[in-house]
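Peer 1: Mind the numbering: the sequence shown is residues 851 to 916 in our numbering, read in order. Virtual Cβ for every residue (Gly too), placed ideally from N, Cα, C.
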Amino acid sequence: MPAPTLNLEDNLTDLFAQAWFSGNLTANEQHRLQIALLNNALSREDALLVHRLFYAVRRGWLKVSA
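1) Are L903 and L892 close, meaning C-beta to C-beta below 9 Å?
2) Would you identify the three-state DSSP class for L963, choosing helix, strand or coil?
3) Assuming L887 and V900 are in contact, meaning their beta carbons sit under 8 Å apart, how far apart are those beta carbons, in whole angstroms?
4) What distance in whole Å lies between the Cβ atoms of L875 and V914, which are believed to be in contact at a cut-off of 8 Å?
5) In this structure, what does DSSP give as the bridge partners for S915?
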């Protein structure tokens, strides 16, 4: 199965803001972010932003929904 296309460069800050204010991250968004990290497809600043989202999920500040 091919990896989903990632257009996170423009949308990452919007995704971060939307997830933070709603308190919710979809499983699809989480999966896309994991793939982007594993493929080193993000700049250092964007990778730090993704790590903050995952940290918030681990701490229970954000929930992952289906």
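Peer 2: In terms of the structure at hand:
1) no
2) Nothing in the structure corresponds to residue 963, since the chain is present only between 851 and 916.
3) 6 Å
4) 5 Å
5) T876
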